[in-house]
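Reading through the C-alpha coordinates given below for one structure.
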Amino acid sequence: MSGRQVKLQQAEKGSILYHYTKSNGVNGILNHNCFWATKSDFLNDPNEFSHIQRILAQVCQETIRDTALREMFLHDSIYAGTEKKREYFVLSFSNCRDSITMWSEFGNKTGYNIGFSSNRIIARIEEAAEIAYHGLVVYQTKQQMQLIRKNLCSYLPNLLRLPLEGILKLGSQNPQDALYQKACRKFRRTAEVYAMFFKHEGFAEEQEYRFVFKRQKDTMVQFRAKDGFMLPYIEIPLSGQNLPIEEIIVAPQNHIDLAKSGMEYMLHAKGYQAAVSLSNIKLRY
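The numbers in my numbering rise by one with no breaks, and the one at position 200 of the sequence shown is 201.
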(Lines of atoms letter the chains of each structure in order from A; the text may use other names.)
(Lines give C-alpha, C1' and ligand atoms only; values in the text may rest on other atoms or scores of the structure.)
Protein backbone atom coordinates (compact mmCIF):
# COMPACT_ATOMS: atom_id res chain seq x y z
CA MET A 2 0.00 0.00 0.00
CA SER A 3 1.37 3.39 -0.97
CA GLY A 4 1.54 5.54 2.14
CA ARG A 5 1.23 8.71 0.10
CA GLN A 6 -1.39 7.73 -2.44
CA VAL A 7 -3.91 6.35 0.04
CA LYS A 8 -3.88 7.35 3.70
CA LEU A 9 -5.95 5.33 6.17
CA GLN A 10 -6.03 5.32 9.96
CA GLN A 11 -5.19 1.82 11.16
CA ALA A 12 -6.07 0.01 14.36
CA GLU A 13 -4.26 1.04 17.51
CA LYS A 14 -2.04 -1.61 19.05
CA GLY A 15 -3.75 -3.31 21.95
CA SER A 16 -7.23 -2.39 20.72
CA ILE A 17 -10.08 -4.80 19.95
CA LEU A 18 -11.79 -5.17 16.58
CA TYR A 19 -15.37 -6.41 16.73
CA HIS A 20 -17.07 -8.55 14.10
CA TYR A 21 -20.89 -8.44 14.18
CA THR A 22 -22.53 -11.51 12.71
CA LYS A 23 -25.39 -13.96 13.11
CA SER A 24 -25.30 -17.40 14.73
CA ASN A 25 -24.43 -19.16 11.49
CA GLY A 26 -21.56 -16.70 11.01
CA VAL A 27 -20.21 -17.40 14.49
CA ASN A 28 -20.51 -21.11 13.81
CA GLY A 29 -18.51 -20.83 10.59
CA ILE A 30 -15.82 -18.66 12.14
CA LEU A 31 -15.33 -20.86 15.20
CA ASN A 32 -15.62 -24.20 13.39
CA HIS A 33 -13.62 -23.37 10.29
CA ASN A 34 -11.48 -20.32 11.22
CA CYS A 35 -12.83 -18.68 8.09
CA PHE A 36 -14.15 -15.20 7.26
CA TRP A 37 -16.20 -14.22 4.22
CA ALA A 38 -15.32 -11.01 2.36
CA THR A 39 -18.16 -9.55 0.27
CA LYS A 40 -17.71 -8.08 -3.21
CA SER A 41 -17.41 -4.33 -2.68
CA ASP A 42 -20.34 -3.27 -4.86
CA PHE A 43 -22.70 -5.65 -3.03
CA LEU A 44 -22.30 -4.03 0.41
CA ASN A 45 -25.26 -2.95 2.53
CA ASP A 46 -25.40 0.77 1.71
CA PRO A 47 -26.56 1.14 -1.93
CA ASN A 48 -25.33 4.76 -2.03
CA GLU A 49 -21.88 3.93 -0.72
CA PHE A 50 -20.02 4.25 -4.01
CA SER A 51 -21.97 7.19 -5.43
CA HIS A 52 -21.08 9.15 -2.27
CA ILE A 53 -17.45 9.66 -3.31
CA GLN A 54 -18.42 11.10 -6.69
CA ARG A 55 -19.94 14.10 -4.92
CA ILE A 56 -16.73 14.51 -2.89
CA LEU A 57 -14.55 14.29 -6.03
CA ALA A 58 -16.69 16.81 -7.91
CA GLN A 59 -16.65 19.27 -5.00
CA VAL A 60 -12.88 19.07 -4.47
CA CYS A 61 -12.19 19.45 -8.19
CA GLN A 62 -14.53 22.44 -8.35
CA GLU A 63 -12.59 24.14 -5.55
CA THR A 64 -9.17 23.16 -6.90
CA ILE A 65 -9.52 23.45 -10.67
CA ARG A 66 -11.07 26.83 -11.42
CA ASP A 67 -11.17 26.46 -15.18
CA THR A 68 -14.48 24.75 -15.96
CA ALA A 69 -13.31 23.16 -19.20
CA LEU A 70 -10.16 21.72 -17.62
CA ARG A 71 -12.11 20.47 -14.62
CA GLU A 72 -14.74 18.72 -16.72
CA MET A 73 -12.03 17.25 -18.95
CA PHE A 74 -10.10 15.83 -15.99
CA LEU A 75 -13.19 14.43 -14.22
CA HIS A 76 -14.34 12.81 -17.45
CA ASP A 77 -10.97 11.27 -18.28
CA SER A 78 -10.15 10.14 -14.75
CA ILE A 79 -13.46 9.17 -13.15
CA TYR A 80 -16.29 8.88 -15.64
CA ALA A 81 -14.69 7.60 -18.84
CA GLY A 82 -14.14 4.04 -17.61
CA THR A 83 -11.41 3.45 -20.18
CA GLU A 84 -9.82 0.55 -18.29
CA LYS A 85 -11.20 -2.57 -16.71
CA LYS A 86 -12.39 -1.90 -13.19
CA ARG A 87 -10.56 -3.85 -10.50
CA GLU A 88 -12.59 -6.18 -8.32
CA TYR A 89 -12.35 -5.79 -4.56
CA PHE A 90 -13.80 -7.78 -1.66
CA VAL A 91 -14.44 -6.29 1.79
CA LEU A 92 -14.33 -7.81 5.28
CA SER A 93 -15.84 -5.55 7.94
CA PHE A 94 -15.18 -5.12 11.65
CA SER A 95 -16.00 -2.29 14.06
CA ASN A 96 -14.28 -0.32 16.79
CA CYS A 97 -17.55 -0.26 18.74
CA ARG A 98 -18.23 -3.04 21.25
CA ASP A 99 -21.98 -2.59 21.64
CA SER A 100 -23.51 -0.57 18.78
CA ILE A 101 -27.28 -0.28 18.39
CA THR A 102 -26.73 0.57 14.71
CA MET A 103 -24.69 -2.56 14.10
CA TRP A 104 -27.07 -4.77 16.08
CA SER A 105 -30.07 -3.59 14.07
CA GLU A 106 -28.19 -4.26 10.82
CA PHE A 107 -26.52 -7.59 11.57
CA GLY A 108 -27.72 -8.88 14.89
CA ASN A 109 -31.51 -9.14 15.37
CA LYS A 110 -32.51 -12.25 17.30
CA THR A 111 -29.57 -14.43 16.38
CA GLY A 112 -26.75 -11.93 16.62
CA TYR A 113 -23.32 -12.15 18.19
CA ASN A 114 -20.32 -9.86 18.24
CA ILE A 115 -16.85 -11.39 18.34
CA GLY A 116 -14.09 -9.22 19.77
CA PHE A 117 -10.58 -9.92 18.43
CA SER A 118 -7.17 -8.64 19.49
CA SER A 119 -6.55 -6.14 16.68
CA ASN A 120 -2.83 -6.66 16.12
CA ARG A 121 -3.14 -10.45 16.30
CA ILE A 122 -6.16 -10.75 13.99
CA ILE A 123 -4.54 -8.41 11.47
CA ALA A 124 -1.41 -10.57 11.51
CA ARG A 125 -3.47 -13.74 11.03
CA ILE A 126 -5.41 -12.24 8.11
CA GLU A 127 -2.15 -11.10 6.51
CA GLU A 128 -0.89 -14.69 6.74
CA ALA A 129 -4.02 -15.98 5.05
CA ALA A 130 -4.42 -13.49 2.19
CA GLU A 131 -2.80 -10.43 0.70
CA ILE A 132 -4.50 -7.38 2.20
CA ALA A 133 -4.70 -4.60 -0.37
CA TYR A 134 -5.81 -1.97 2.18
CA HIS A 135 -7.13 -1.87 5.72
CA GLY A 136 -8.19 0.90 8.06
CA LEU A 137 -11.00 2.88 9.61
CA VAL A 138 -13.85 4.08 7.44
CA VAL A 139 -13.89 7.90 7.09
CA TYR A 140 -17.27 9.51 7.80
CA GLN A 141 -16.56 13.23 8.08
CA THR A 142 -17.00 15.11 4.79
CA LYS A 143 -14.27 17.59 5.70
CA GLN A 144 -11.74 14.80 6.22
CA GLN A 145 -12.81 13.04 3.02
CA MET A 146 -12.30 16.23 1.03
CA GLN A 147 -8.93 16.81 2.67
CA LEU A 148 -7.71 13.34 1.64
CA ILE A 149 -8.81 13.84 -1.99
CA ARG A 150 -7.36 17.36 -2.06
CA LYS A 151 -4.01 16.12 -0.76
CA ASN A 152 -3.91 13.43 -3.43
CA LEU A 153 -4.79 15.87 -6.20
CA CYS A 154 -2.62 18.80 -5.12
CA SER A 155 0.33 17.03 -3.51
CA TYR A 156 0.67 13.36 -4.40
CA LEU A 157 0.10 13.65 -8.18
CA PRO A 158 2.32 16.73 -8.71
CA ASN A 159 5.11 15.15 -6.62
CA LEU A 160 4.81 11.86 -8.48
CA LEU A 161 4.86 13.45 -11.93
CA ARG A 162 7.16 16.34 -10.95
CA LEU A 163 4.79 18.82 -12.53
CA PRO A 164 2.25 21.25 -11.00
CA LEU A 165 -1.41 20.26 -11.35
CA GLU A 166 -1.96 23.14 -13.79
CA GLY A 167 0.84 21.80 -15.97
CA ILE A 168 -0.61 18.29 -15.92
CA LEU A 169 -4.01 19.59 -16.99
CA LYS A 170 -2.50 21.77 -19.71
CA LEU A 171 -0.80 18.71 -21.19
CA GLY A 172 -4.18 16.99 -21.30
CA SER A 173 -5.89 19.93 -22.97
CA GLN A 174 -3.19 20.02 -25.65
CA ASN A 175 -3.10 16.26 -26.16
CA PRO A 176 -5.60 14.00 -24.31
CA GLN A 177 -3.32 11.01 -24.99
CA ASP A 178 -0.25 12.61 -23.39
CA ALA A 179 1.50 9.94 -21.29
CA LEU A 180 1.90 12.07 -18.14
CA TYR A 181 -1.70 13.27 -18.28
CA GLN A 182 -2.98 9.73 -18.78
CA LYS A 183 -0.87 8.54 -15.85
CA ALA A 184 -2.36 11.26 -13.65
CA CYS A 185 -5.88 10.23 -14.66
CA ARG A 186 -5.14 6.57 -14.01
CA LYS A 187 -3.60 7.22 -10.59
CA PHE A 188 -6.44 9.51 -9.53
CA ARG A 189 -9.06 6.99 -10.68
CA ARG A 190 -7.41 4.15 -8.76
CA THR A 191 -7.14 6.27 -5.63
CA ALA A 192 -10.84 7.14 -5.93
CA GLU A 193 -11.71 3.44 -6.31
CA VAL A 194 -9.98 2.70 -3.01
CA TYR A 195 -11.33 5.69 -1.10
CA ALA A 196 -14.82 4.79 -2.36
CA MET A 197 -14.62 1.73 -0.11
CA PHE A 198 -13.55 3.80 2.92
CA PHE A 199 -15.75 6.92 2.54
CA LYS A 200 -19.27 6.73 3.93
CA HIS A 201 -21.97 9.28 4.73
CA GLU A 202 -21.55 10.75 8.21
CA GLY A 203 -24.98 9.38 9.13
CA PHE A 204 -23.28 5.98 9.48
CA ALA A 205 -20.56 7.26 11.83
CA GLU A 206 -21.85 5.27 14.83
CA GLU A 207 -20.79 2.07 13.07
CA GLN A 208 -17.08 2.94 13.62
CA GLU A 209 -16.35 0.47 10.85
CA TYR A 210 -12.91 -0.98 10.18
CA ARG A 211 -12.42 -2.58 6.78
CA PHE A 212 -10.06 -5.06 5.18
CA VAL A 213 -9.99 -4.90 1.39
CA PHE A 214 -8.72 -7.70 -0.83
CA LYS A 215 -8.09 -7.36 -4.56
CA ARG A 216 -9.27 -10.21 -6.73
CA GLN A 217 -6.37 -12.11 -8.25
CA LYS A 218 -6.43 -14.39 -11.30
CA ASP A 219 -6.63 -17.48 -9.11
CA THR A 220 -9.17 -16.06 -6.62
CA MET A 221 -12.16 -18.37 -6.27
CA VAL A 222 -15.39 -16.39 -5.99
CA GLN A 223 -18.32 -18.11 -4.28
CA PHE A 224 -21.99 -17.19 -3.92
CA ARG A 225 -24.62 -17.31 -1.22
CA ALA A 226 -28.29 -16.41 -1.30
CA LYS A 227 -29.36 -13.22 0.49
CA ASP A 228 -32.72 -11.42 0.29
CA GLY A 229 -33.56 -13.01 -3.04
CA PHE A 230 -30.27 -12.43 -4.86
CA MET A 231 -26.89 -14.11 -5.11
CA LEU A 232 -24.15 -12.43 -3.08
CA PRO A 233 -20.55 -12.90 -4.33
CA TYR A 234 -17.88 -13.44 -1.69
CA ILE A 235 -14.45 -14.95 -1.17
CA GLU A 236 -13.24 -17.02 1.76
CA ILE A 237 -10.39 -15.83 3.98
CA PRO A 238 -9.32 -19.11 5.66
CA LEU A 239 -7.05 -18.59 8.67
CA SER A 240 -4.60 -21.21 9.93
CA GLY A 241 -5.77 -24.08 12.11
CA GLN A 242 -4.86 -22.70 15.54
CA ASN A 243 -7.46 -20.87 17.64
CA LEU A 244 -8.32 -17.30 16.73
CA PRO A 245 -7.29 -14.38 19.01
CA ILE A 246 -10.80 -13.96 20.48
CA GLU A 247 -11.00 -11.69 23.53
CA GLU A 248 -14.76 -11.85 24.14
CA ILE A 249 -18.15 -12.52 22.57
CA ILE A 250 -21.22 -10.33 23.10
CA VAL A 251 -24.76 -11.61 22.65
CA ALA A 252 -27.23 -9.40 20.72
CA PRO A 253 -29.89 -7.40 22.64
CA GLN A 254 -32.79 -9.59 21.48
CA ASN A 255 -30.92 -12.80 22.09
CA HIS A 256 -31.02 -12.51 25.89
CA ILE A 257 -31.94 -16.06 26.69
CA ASP A 258 -29.91 -18.25 28.99
CA LEU A 259 -29.26 -20.77 26.22
CA ALA A 260 -27.68 -18.13 23.94
CA LYS A 261 -25.04 -17.27 26.53
CA SER A 262 -24.50 -20.72 28.03
CA GLY A 263 -24.46 -22.40 24.60
CA MET A 264 -21.76 -20.01 23.41
CA GLU A 265 -19.75 -20.51 26.60
CA TYR A 266 -19.95 -24.28 26.17
CA MET A 267 -18.88 -24.03 22.52
CA LEU A 268 -15.89 -21.84 23.36
CA HIS A 269 -14.80 -24.17 26.15
CA ALA A 270 -15.13 -27.21 23.88
CA LYS A 271 -12.85 -25.55 21.33
CA GLY A 272 -10.23 -24.50 23.87
CA TYR A 273 -11.07 -20.80 24.13
CA GLN A 274 -10.89 -18.84 27.40
CA ALA A 275 -12.89 -15.82 26.13
CA ALA A 276 -15.74 -14.38 28.18
CA VAL A 277 -19.33 -14.26 26.91
CA SER A 278 -21.43 -11.21 27.83
CA LEU A 279 -24.90 -9.90 27.11
CA SER A 280 -25.34 -6.62 25.27
CA ASN A 281 -26.04 -3.67 27.58
CA ILE A 282 -28.55 -2.23 25.11
CA LYS A 283 -32.22 -2.70 25.95
CA LEU A 284 -34.45 -2.45 22.90
CA ARG A 285 -37.33 -3.93 21.00
CA TYR A 286 -37.34 -3.87 17.20
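Heads up, the beta-carbon is just placed ideally off N, CA and C, and yes, glycines get one too.
What whole-angstrom Cβ distance do residue i and residue j have, given they're in contact under 8 Å?
{"i": "residue 261", "j": "residue 279", "result": "6 Å"}
{"i": "residue 112", "j": "residue 252", "result": "3 Å"}
{"i": "residue 64", "j": "residue 153", "result": "6 Å"}
{"i": "residue 7", "j": "residue 191", "result": "6 Å"}
{"i": "residue 70", "j": "residue 155", "result": "The pair is not a contact, with the Cβ atoms about 19 Å apart (cut-off 8 Å)."}
To which residues of the same chain is residue i closer than 7 Å at the C-beta, ignoring the five residues directly before and after it?
{"i": "residue 130", "result": "214, 237"}
{"i": "residue 184", "result": "157, 161, 168"}
{"i": "residue 146", "result": "56, 59, 60"}
Using three-state DSSP, classify residue i as helix, strand or coil.
{"i": "residue 143", "result": "helix"}
{"i": "residue 236", "result": "strand"}
{"i": "residue 97", "result": "coil"}
{"i": "residue 32", "result": "helix"}
{"i": "residue 157", "result": "helix"}
{"i": "residue 286", "result": "Because residue 286 carries a pLDDT of 45, less than 50, the predicted location of this residue cannot be relied on, and the following value inherits that uncertainty. The answer is coil: DSSP assigns residue 286 none of H, G, I, E or B."}
{"i": "residue 221", "result": "coil"}
Report yes if the C-beta distance between residue i and residue j is below 8 Å; otherwise report no.
{"i": "residue 249", "j": "residue 277", "result": "yes"}
{"i": "residue 20", "j": "residue 90", "result": "no"}
{"i": "residue 223", "j": "residue 234", "result": "yes"}
{"i": "residue 31", "j": "residue 267", "result": "yes"}
{"i": "residue 196", "j": "residue 79", "result": "no"}
Spatial neighbours of residue i within its chain, please: CB distance less than 6 Å, with the 5 preceding and 5 following residues excluded, ordered by chain position.
{"i": "residue 135", "result": "212"}
Looking only at its own chain, which residues have a Cβ that is under 8 Å from the Cβ of residue i, when we skip the five neighbours before and after it?
{"i": "residue 270", "result": "none"}
{"i": "residue 75", "result": "57, 58, 61"}
{"i": "residue 282", "result": "99, 101, 104, 253"}
Is it the case that the CB of residue i approaches a heavy atom of the ligand NAP more closely than 7 Å?
{"i": "residue 104", "result": "The model depicted lacks the ligand NAP and carries no ligand whatsoever."}
Would you check if the stretch 201 to 213 and the stretch 134 to 154 touch, i.e. whether three or more CB-CB distances between them fall below 8 Å? yes
Should the stretch 104 to 122 be called in touch with the stretch 6 to 21, which here means at least 3 C-beta pairs below 8 Å? yes
Does the stretch 222 to 242 come within contact of the stretch 28 to 47, defined as at least 3 CB pairs closer than 8 Å? Flag = yes, the stretch 222 to 242 and the stretch 28 to 47 touch.
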